Amino acid sequence: MAQLKTLAFKSGEVPQAHEPIEVREPMPEGSGRTFPPISDPSCQPLIDARSGEGSFAHVFQTFNWKENIMGGGSTLASYEGDQAEQRFAELKRALATCRSYEGEGWVGKFKATVKTEAPPQVGDEAVAFREVMPAVEMPGDRNEQFIVVRTGNTIATFSELSVGTPLSFPAELVSRQVERLRNAQRT
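Using the numbering used here, read the sequence shown as starting at 856 and increasing by one per residue.
What follows is the structure, encoded as structure tokens:
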């Protein structure tokens, strides 16, 4: 985790975000809130990617954007051996078949529609998708973009949350973070 923390963005490196930018470690196993399984198990790799599920180590960052109060985030996850490739293959298979699922989250029950997008040309392989769901007590749909990039034995997941308008995680930040991960694995 210490190495992933050093590779994450530091305060002053993301001018679009309010300061400070904090790098967080996951909560200890069993200490967080748990939710029932989603309705379509074949969609589970979409959720696993954003939380670093099955990784050797992972860290999170939340970005409170100056232009979007909904914010964004990233997860940097390191895997042993060829597990990153295996996890990424599971994610690609899920994106080929998962069109929607129902679940329960922080604000109650929801139904998410999944739409794939053209991924950025970064890392060893990348995917991009959106999850759209009706927003509770807000005008417009909740729209969250996910960009997932594998670089060697790491997987970086970027998310951008918006309501009503489909916003995207800043491409220059994705490229910069992926380059850091690539360079760290070369040394």
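Backbone N, C-alpha and C fix where the C-beta goes; we use that ideal spot for every residue, glycine too. None of these values were measured; they are calculated from a predicted model.
C-beta atoms of residue i and residue j nearer than 7 Å
i     : j     : result
A1011 : V1018 : no
G928  : T917  : yes
S1030 : Q1000 : no
L862  : R1035 : yes
A967  : E986  : yes
Y934  : N1038 : no
R954  : V969  : yes
N998  : P1021 : yes
Proximal residues to residue i (C-beta, below 7 Å), its chain only, five neighbours per side dropped
i     : result
E874  : S866
F943  : E980, R1005 and I1010
K947  : V982
G926  : T917, F918, N919, W920 and L1016
V914  : M856, L859, K860, A863, V878, R879, E880 and L931
Y956  : I893, S894, D895, C898 and A967
L1028 : V869
N923  : S1017 and L1022
F890  : G958, E959 and G960
Identity of the residues DSSP links to residue i by a beta bridge
i     : result
F1001 : F984 and S1014
T971  : F984
G1007 : Paired residue(s): none; G1007 is not in a bridge.
D979  : Looking at the DSSP assignment, D979 forms no beta bridge with any residue, so it has no partner.
E957  : K966
P989  : D996
Cβ neighbour criterion (16 or more within 10 Å) applied to residue i
i     : result
W920  : buried
G960  : exposed
E1015 : buried
S894  : exposed
D937  : exposed
G963  : exposed
R905  : buried
F1013 : buried
A1026 : exposed
Q1032 : buried
I1002 : buried
Own chain, CB closer than 6 Å to residue i, minus 5 neighbours either side, in chain order
i    : result
T971 : L950 and F984
Nonlocal neighbours in the same chain, by C-beta distance under 8 Å from residue i, ignoring five residues either side
i    : result
T952 : S897
Below-7 Å beta-carbon distance, residue i vs any chain B residue
i     : result
Q1040 : Considering every chain present, this structure includes no chain B. It has just one protein chain.
task = Only counting runs of 3 or more residues, tell me where the beta strand (DSSP E) segments fall wholly within the stretch 869–935, in order along the chain.
result = 912–918 and 927–933
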